[in-house]
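Residue numbers (the working numbering): 8 to 580.
The beta-carbon is built from N, C-alpha and C at its ideal position, and this holds for glycine as well.
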Amino acid sequence: PWDFDRSFHNNAGDYDKPYDVWRLNGEIFGKWHQRLQEYLEYKMALADRWFGHRENALNTERTLAHIDERADLMSEAMSRPQTKFYPNPFPTEVDLFKTWIANRLDWLDGEIANRFAERPPIFNPPAGPVDPGESLEISKPSGVLGTIYYTLDGSDPRLQGGAINPNAITYDPSGGPITESIVQMSDSIWKYLYDGSDQGTAWRAYDFDDSSWGSGPSQLGFGEGDETTNIGPRVIGQRTAYFRHKFTVSQVSEIIDLSIDLVHDDGAVVYINGQEVDRIFMPDGPINFETRANIQGENANTTFSGISPTFLNEGDNIVTVEIHQIADTSSDISFDLNLEATRPNADPQIVFTQNTIVRARTKNGNNWSAQNEKLFQIQTAQPGEIIISEFLANANGDDAGKEWFEIYNTTESAIDIDGWEIRDNGSDSHTIDNGGPLIIPGDSHAVIAESGDMNLNGGISPDYVYGTDITLGNGGDEIILINAGVVIHSIGYENYEASGITIVTPVTLAATPGRGIGMSEGYCEGPVTTWTYQTSAFGSNLDTGTPGSVNDGVSVCPAPNPGPSSVSNWFLY
8 PWDFDRSFHN
18 NAGDYDKPYD
28 VWRLNGEIFG
38 KWHQRLQEYL
48 EYKMALADRW
58 FGHRENALNT
68 ERTLAHIDER
78 ADLMSEAMSR
88 PQTKFYPNPF
98 PTEVDLFKTW
108 IANRLDWLDG
118 EIANRFAERP
128 PIFNPPAGPV
138 DPGESLEISK
148 PSGVLGTIYY
158 TLDGSDPRLQ
168 GGAINPNAIT
178 YDPSGGPITE
188 SIVQMSDSIW
198 KYLYDGSDQG
208 TAWRAYDFDD
218 SSWGSGPSQL
228 GFGEGDETTN
238 IGPRVIGQRT
248 AYFRHKFTVS
258 QVSEIIDLSI
268 DLVHDDGAVV
278 YINGQEVDRI
288 FMPDGPINFE
298 TRANIQGENA
308 NTTFSGISPT
318 FLNEGDNIVT
328 VEIHQIADTS
338 SDISFDLNLE
348 ATRPNADPQI
358 VFTQNTIVRA
368 RTKNGNNWSA
378 QNEKLFQIQT
388 AQPGEIIISE
398 FLANANGDDA
408 GKEWFEIYNT
418 TESAIDIDGW
428 EIRDNGSDSH
438 TIDNGGPLII
448 PGDSHAVIAE
458 SGDMNLNGGI
468 SPDYVYGTDI
478 TLGNGGDEII
488 LINAGVVIHS
498 IGYENYEASG
508 ITIVTPVTLA
518 ATPGRGIGMS
528 EGYCEGPVTT
538 WTYQTSAFGS
548 NLDTGTPGSV
558 NDGVSVCPAP
568 NPGPSSVSNW
578 FLY
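In structure tokens form, the structure reads like this:
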């Protein structure tokens, strides 16, 4: 327990107590962790990783089963006389350890939620295969407050810095209307002018030439100290500042309502596509650049709701705002704006019609929860949709730990290969157990290897490690991928075993020492029968190959994807 405790930085002096204060500046973890916590993105990344692992590799049930497995292995290797253990026999000590671990995991959940980011939203179903037309429900863990935002395009609902992703959708568990942010407060880039000139009305139009205006992210203004973009300096007698922001909207006909949240100091008039939407702290009737506000607004916040969607155009739009001072001696200007659109929500809100990556977070004020990210597949992968595109069976020198093969997703949809079987026509067999999804994005490679130790495997960073269950023979062998009893792809090289599972793609090249073998031109559309030795050297072992990248001499495949979205399990080996 003390080793586990130190690993997770409980440095309160009593290493056997799972509930002691988690010190941030202790001697074991050092000051670097404390300093990194000053950065919001580090805290978010840590919470994302932790809660992601808690669903998969560090799931309590899975962790306790792993302890039982290791305890059984130890007992099998050597019997444990009762007299050698005080005050409890070995099985009792194992049970005490399991209780400690379970309590510690729960305690860490609370500590990370309190210190870094709240627990992520809950998916039902949690992930995996779904039927066409099946729906997804998202809920918040008990005690978590805020609004759930999700995306279906693989992007994070939260942008770096904390703003809402424009592609994020508000989840309404009641099945009510969906609200989406079109122009975001504290994030959007605005053109601005504060020079005392009379801009008339032409500046409100989309095609107005504002190339000479300043530009910067909101909040904009001067004199308050909270501006992101300072439009000053202040000039006595200049009463009006102008702001412009272009944006795009699709499927306008589906929008049923618009609302605007406005920060203003002092008065303001808001236009969309040249039409006045509303005004605040301004007199009635026509106004110009010399018109003063009639009420002082000290960084005021105003919401305009019930705005007709007829203000919007399909595609390109512009929102423009003029801020007016109440007096020639006014000391400050403040401006920011958020524009939201409301669309009707069919019940249920999320229905799967294709393989989809869903990412969701809860936002409570300025605080975001950790992320839940899952792949939902509506169909089983078909033969040829994942192919074996390259392999290294005979590395330079001793090839123990250096063997690997590469797979490629020939479709545009993500495919989860967790649970698939890797085997040959002999006795080698391994079931992929990633502790959660092992997602291969569309048009992407992944490397499956014997070892995850870069000091041993020749310097590659595999996406999954199969360990010693699979051995690629130097004189010939087979690599077979099976999903739910269906052979997705199979290759056999040199003197391979032809009896048993049919080899789809035979490879006639010999496993020459230090030379990777890869498919030739055209494999991105599906398996090809022509293979060639790779010429690019990689890693520290001076082997050739392109693990995780397009094969040598191949030009027609899409640009390689960064790789699978997964919790890699190589650390277990």
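Residue i versus residue j - alpha carbon distance
i, j, result
"Ala367", "Lys147", "10 Å"
"Lys522", "Gln191", "The sequence shown places Arg at residue 522, rather than the Lys named in the question. Roughly 53 Å separates the two Cα atoms."
"Leu43", "Met51", "11 Å"
"Gly525", "Asn490", "23 Å"
"Ile357", "Gly117", "30 Å"
"Thr208", "Thr317", "20 Å"
"Phe311", "Val270", "11 Å"
"Asp12", "Asp113", "The predicted model places Asp12 with a pLDDT of 37, which falls under 50 and marks its position as unreliable; any figure quoted below should be read in that light. So the alpha carbons of these two residues sit roughly 14 Å apart."
"Gly442", "Tyr415", "21 Å"
"Trp220", "Thr536", "60 Å"
"His331", "Gly153", "35 Å"
"Gly499", "Ile486", "6 Å"
"Asn17", "Ile267", "Only weak support exists for where Asn17 lies, its pLDDT of 43 falling under 50; the value from the coordinates is given anyway. Whole-angstrom Cα-Cα distance: 47 Å."
"Ile35", "Asp102", "Caution applies to Ile35, whose pLDDT of 43 falls short of 50 and renders its modelled position unreliable; the model cannot decide the point."
"Gln282", "Thr309", "19 Å"
"Asp559", "Ile364", "31 Å"
"Ser434", "Gly135", "29 Å"
"Asn345", "Glu528", "50 Å"
"Thr186", "Glu347", "7 Å"
"Ala544", "Pro128", "44 Å"
"Gly59", "Thr327", "42 Å"
"Val137", "Leu166", "29 Å"
"Pro184", "Ser547", "57 Å"
For residue i, the first and last residue of its enclosing beta strand (DSSP E)
i, result
"Glu397", "393-399"
"Gly223", "221-224"
"Gly483", "483-490"
"Ile446", "445-447"
"Leu346", "340-350"
"Ala248", "247-256"
"Asp323", "322-331"
"Asn131", "129-131"
"Arg286", "282-287"
"Tyr473", "Premise fails: Tyr473 is in no beta strand (DSSP E) and is neither H nor E."
Among the options, the one whose alpha carbon lies nearest that of residue i
i, options, result
"Glu419", "Asn121, Ser434, His452", "His452"
"Trp375", "Asp214, Ala120, Val472, Gly483", "Ala120"
"Asn481", "Ala54, Ile446, Pro520, Ser337", "Pro520"
"Asn502", "Val514, Val493, Gly492, Thr509", "Val514"
"Ala518", "Glu528, Pro534, Tyr540, Ser497", "Tyr540"
"Leu399", "Trp538, Ile325, Asp160, Lys105", "Trp538"
"Gly203", "Glu68, Glu329, Asp233", "Glu329"
"Asp343", "Ile196, Val284, Val326, Gln226", "Gln226"
"Pro534", "Thr542, Ile279, Ala78, Ile395", "Ile395"
Residue i (DSSP reduced to helix, strand or coil)
i, result
"Ile263", "coil"
"Tyr530", "helix"
"Arg368", "strand"
"Trp114", "helix"
"Ser146", "strand"
"Lys198", "strand"
"Asn306", "coil"
"Asn379", "strand"
"Ile424", "coil"
"Ala78", "helix"
"Lys409", "coil"
"Val561", "coil"
"Asn121", "helix"
"Leu152", "coil"
"Leu269", "strand"
"Ile108", "helix"
"Gly230", "coil"
Limits of the unbroken alpha helix (DSSP H) element including residue i
i, result
"Tyr213", "From DSSP, Tyr213 is part of no alpha helix (DSSP H); its letter is neither H nor E."
"Leu53", "47-62"
Contact check, residue i vs residue j, beta carbons under 8 Å
i, j, result
"Asp450", "Cys531", "yes"
"Arg251", "Asp216", "no"
"Ile439", "Ile424", "yes"
"Pro133", "Lys370", "no"
"Asp264", "Thr177", "no"
"Met461", "Ile467", "yes"
"Lys253", "Ser222", "no"
"Ile333", "Ala300", "yes"
"Phe288", "Gly274", "yes"
Any chain C beta carbon closer than 8 Å to residue i
i, result
"Glu428", "Annotation note: the requested chain C is absent from the structure, which comprises a single protein chain."
Residue i CB to nearest heavy atom of the ligand GDP below 7 Å
i, result
"Asp268", "The ligand GDP is not part of the structure shown, which contains no ligands of any sort."
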